[in-house]
Amino acid sequence: MSELSNKQIEDRLHHLTTLSIALNDIKNVQLLLERILQTAKSITNADGGTLYRVSADKKCLEFDILLNKSLELHFGGSQEKSDKMRAIPLLLDDGEPNLEAVVAYAANRKESVNIEYVYDTPIFNFSGMRRFDEVYDYHCQSLLAVPMLDHNSELVGVLQLINSVDSITGKIQEFDTTDQLFIEALSSQAAIAITNQDLILQLENLLESLVNLINIGIDEKSANTGRHCQQVPKLTMMLADAVQKAQDGPLKDFSMSENERYELWLAGMLHDCGKITTPVHVIEKATKLQTIFDRIELINTRFEILGRDAEIRALKGQLNNSASQQFAQELQNELKQLNTDRAFLAHANIGCERMQDEDLARVLAIANKSWVDYQGETQPLLTENEVENLMIRAGTLTAEERTIINNHISVTIRMLEALPWPKHLQDIPEYAGGHHERMDGNGYPRGLCKEQMSVQARVMAIADIFEALTARDRPYKTGKTLTESLNILGKFSLNGHIDPDLFRIFVSEKVYLQYAHEFMDSAQIDDVDESQIPGYLTS
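Read in numbering that gives the first Met the number 0, the sequence shown has 314 at position 315, and its numbers run on one by one without any break.
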C-alpha cells in the first residue's frame, strides 16, 4: 500500500473517530444526520450525498438531507428541505419489496450497493436520478448506497453517496472496498446514535405526557387549578430568561444551559402535582360555608322559619289583644333585625373582606339565637362548625383546611423525590418544592431562607404568586389588575416574602407586561406607574 493510501486511511480513521465523539454531543437529530452525511462525504471524497430515514409506518424511505459540493446544494439538516426530493416506497403496489430503486434495494436487502457506472447498470430504475441530472445539468457516475442498521439489525435509513472524486486527478472514480468498509462502519455507528436519540426523545415525550396526565387529573378535579399548572411554568421561564440577560447586580452571573432550562420548565409543570391528593371540596371552596353545597342556604331556611314564627306570634297576639298596632310594630322590628342579620352572614360568607373584631363578635351574638326544628326541639341558630367557618378572618378556609391545602407542597416534594431522576433533572424536586418558601425563612414546608434556595426556586415563587394574584378563574376571588398585583408583590419584596433582586428584574424587564399581554384579560391591564411600586427603585 502506498504512502498516499496510508495517509487516506489515517484521515478516514480521524474522521470516523471525530464523528464518534460528536455523536454523543449533538442532541438535535437533524444536525446529527447532517454531520453523519458530511463525514461520509469527507471520508470518501464524494461530491454528493443523500440521507434517507425509514418512515414511522415502515412503508417508505423519507428524504432527510441532500448535499452536493459542485452544485452547491444543501437541502435538509440545518437548511430547508426541498419538495422536489420525494420519498421512495419500500414496497411495490403488489406488496412485494421494492428492489428497483437502489436505496430501496439496499434497505430491503440490508446490504450495500456499490456501482462504478450508474447508467450502465440495468437492474435498477434510475429515473429519479436521471431527472436530477437533467434539472441540475449533472452526471451521476459512481454510487454507494449503505443501509443504516441499529444494534438489533433494524433498518434506520439509507446513506447514499454519489461520485467519488480522485483527490489528485479530480476525476470521478469508483468507491473502493476501503470506502465501503468505512461507510458501513460509520452507518452502523450512526444508526445506533440515531436510535439512541429517538429513544431519548420518546422517553422525554413520555415524561412530558405523564406530567400532562397529572395536570389533567388536577384539572378534572378543579378547573380552577388547571390554568395555574399550565401558566406558572410559562411565567417562570419568562422571568428566568430576563434574569439571564441581567448585565449588572447580584444576579448578573446567573445562566442556564438548554438542559437546565428544560429542567426548570418541567419543574414548573410539576410544581403543584401534590394537589392531585387535595380534596375537591377544599380546592373548590368558594365561600366559607361551602362543602358539597353552600350551607348558607340552610341558615337562610332557619331565618325563614324564625320570620314565620315571629309572624305567627304577632297574629296570635293580635287575636288575643286589642293592641294590634303594638304587635305589628314589634313584628316589623323583629323581621328587620332578622333580615339585617341574614344579610350580614351572607356577606361574611363570601370572604372577600377581612373580618374585624366587631364582625366576629356579631357572628357569636347571632349564633346565640335559637330556632325550633320540625320535632319541636330548640336548636342554636348556627352550629359550632358554621360559627368556626363564618369567623374566618380572611378568605374562605379554616385553619384545618388551610393545613390541607398547604400540605400539597409536602406531597409534591415526596412525590418528586421518590422518582429516579437522571442527573440533568435531579434538581426538579428542589425547584418545584420551594415555591412556598420565603426569603426570611417563614415559608413552608421546610422554612428555608434565601441562601438555602436556588435562584430557580426563588423565580418560581414569584411566578406562582403573580399568577395567583392575576388569575380570574378562582372560585373565591376576582383577578387583580397589574397595579394591584405589583403593589402586593412589592410589599412582599420588602417584608422578606420574595427575592427583592428578582422582583426588580421582574419589573424593570417588563416581565409582568409580557405575561399580561399573553394571558391576562385586557380589563386587568392598567397603566402601571412603576415609580409607585413598593420595593422597586427605578434609578
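Even glycine gets a Cβ: it sits at the ideal position worked out from N, Cα and C.
The model shown is predicted, which means the values in this text are computed figures rather than measured ones.
Query	Result
Give the DSSP-derived three-state secondary structure of Asn406 in the structure shown.	helix
Contact between the stretch 64-78 and the stretch 87-94: three or more CB pairs below 8 angstroms?	no
On a CA-only basis, which of Leu158, Ile122, Val145, Thr194 is nearest Asn151? Give me that one, please.	Thr194
Take Gln523 and list the residues in its own chain whose beta-carbon comes closer than 8 angstroms to its own, dropping the five residues that flank it on each side.	Thr469, Arg471, Gly478, Lys479, Thr480, Leu481, Ala515
Which ranges does the alpha helix (DSSP H) cover as unbroken runs of at least 4 residues, wholly within the stretch 236-295, from first to last along the chain?	257-269, 279-282
Just how far apart, CA to CA, sit Ser538 and Lys490?	For Ser538, the predicted structure reports a pLDDT of 41, less than 50, and the residue's modelled location is therefore unreliable. The matter cannot be settled from this model.
Enumerate in chain order the residues of its own chain whose CB-to-CB distance from Glu429 is below 7 angstroms, with the five nearest sequence positions on each side excluded.	Ser453, Ala456
Starting from Ala360 and walking both ways along the beta strand (DSSP E), at which residues does that stretch end?	That residue, Ala360, is in no beta strand (DSSP E); its alpha helix (DSSP H) goes 356-366.
For Arg301, which of Thr290, Lys287, Gly47, Leu334 has the nearest alpha-carbon?	Leu334
If you draw a straight line from the alpha carbon of Ile295 to that of Glu283, how long is it in whole angstroms?	16 angstroms
In this structure, how does DSSP classify Gly495 when only helix, strand and coil are distinguished?	coil
State the Cα-Cα distance for the pair Leu98 and Arg130, rounded to the nearest angstrom.	19 angstroms
From Ile213 to Asp178, what does the alpha carbon distance come to, in whole angstroms?	52 angstroms
Measuring alpha carbon to alpha carbon, tell me which residue in Met147, Glu219, Gly394, Glu257 is nearest Ser187.	Met147
Check whether the stretch 359-379 touches the stretch 408-417, taking contact to mean three or more Cβ pairs, one atom from each stretch, closer than 8 angstroms.	no
Leaving out five residues on either side along the sequence, give the residues of the same chain with a beta carbon under 7 angstroms from the beta carbon of Met414.	Cys272, Gly273
From the DSSP secondary-structure annotation, give me the bridge partner or partners of Asn67.	Gly47, Leu72
Given this structure, state the Cα-to-Cα distance separating Asp63 from Glu203, to the nearest angstrom.	23 angstroms
For Gly433 versus Leu424, is the C-beta distance shorter than 8 angstroms?	no
In chain order, what residues of the same chain lie with their CB nearer than 7 angstroms to the CB of Arg341, ignoring the 5 residues before and after it?	Asn299, Phe302
Take the Cβ of Val53 as the centre, count every other Cβ of all protein chains shown within 10 Å, and call the residue buried at 16 or more, exposed below.	buried
Report the rounded CA-to-CA distance for Ile497 versus Ala467, giving the unit in angstroms.	14 angstroms
Which residues in the same chain as Asp132 place their Cβ atom closer than 7 angstroms to its Cβ, once the five residues preceding and following it in sequence are excluded?	His138, Cys139
Could you spell out where the alpha helix (DSSP H) holding Thr469 opens and where it closes?	454-469
According to DSSP, simplified to helix, strand and coil, what is Phe181?	helix
Based on Cα-Cα distance, which residue from Leu209, Thr176, Leu36, Ala239 lies nearest to Asp500?	Ala239
Which residues in the same chain as Ile365 place their Cβ atom closer than 8 angstroms to its Cβ, once the five residues preceding and following it in sequence are excluded?	Asp340, Phe343, Leu344, Leu380, Leu381
Report all residues from its chain with a CB closer than 6 angstroms to the CB of Val68; omit the five preceding and five following residues, and keep chain order.	Here residue 68 turns out to be Lys, not Val, going by the sequence shown. So the list reads Asp46, once near-sequence residues are dropped.
Can you name the start and end residues of the alpha helix (DSSP H) that Met390 belongs to?	No alpha helix (DSSP H) holds Met390; DSSP gives it neither H nor E.
Any idea which residues DSSP pairs Ala163 with across the strands?	Strictly speaking, residue 163 in this sequence is Ser, with Ala absent from that position. Its beta-bridge partners are Ala45, Gln172.
Just how far apart, CA to CA, sit Glu310 and Thr290?	32 angstroms
Excluding the 5 residues flanking Ala103 on each side, which residues of the same chain have their C-beta closer than 6 angstroms to its C-beta?	Ile87, Leu89, Asn97
Inspect the beta-carbon positions of Leu158 and Ala39 and report whether they are closer than 8 angstroms.	yes
Which partner residues of Leu488 appear in the DSSP bridge assignment?	Its beta-bridge partners do not exist; DSSP assigns none.
Here's a check: name, in chain order, each residue in its chain whose Cβ is nearer than 7 angstroms to the Cβ of Glu2, leaving out the five neighbours to either side.	Unreliable placement is indicated for Glu2, whose pLDDT of 43 sits below 50; no coordinate value is reported for it.
Compute the distance between the beta-carbons of Ala266 and Ala460, then report whether it is under 8 angstroms.	no
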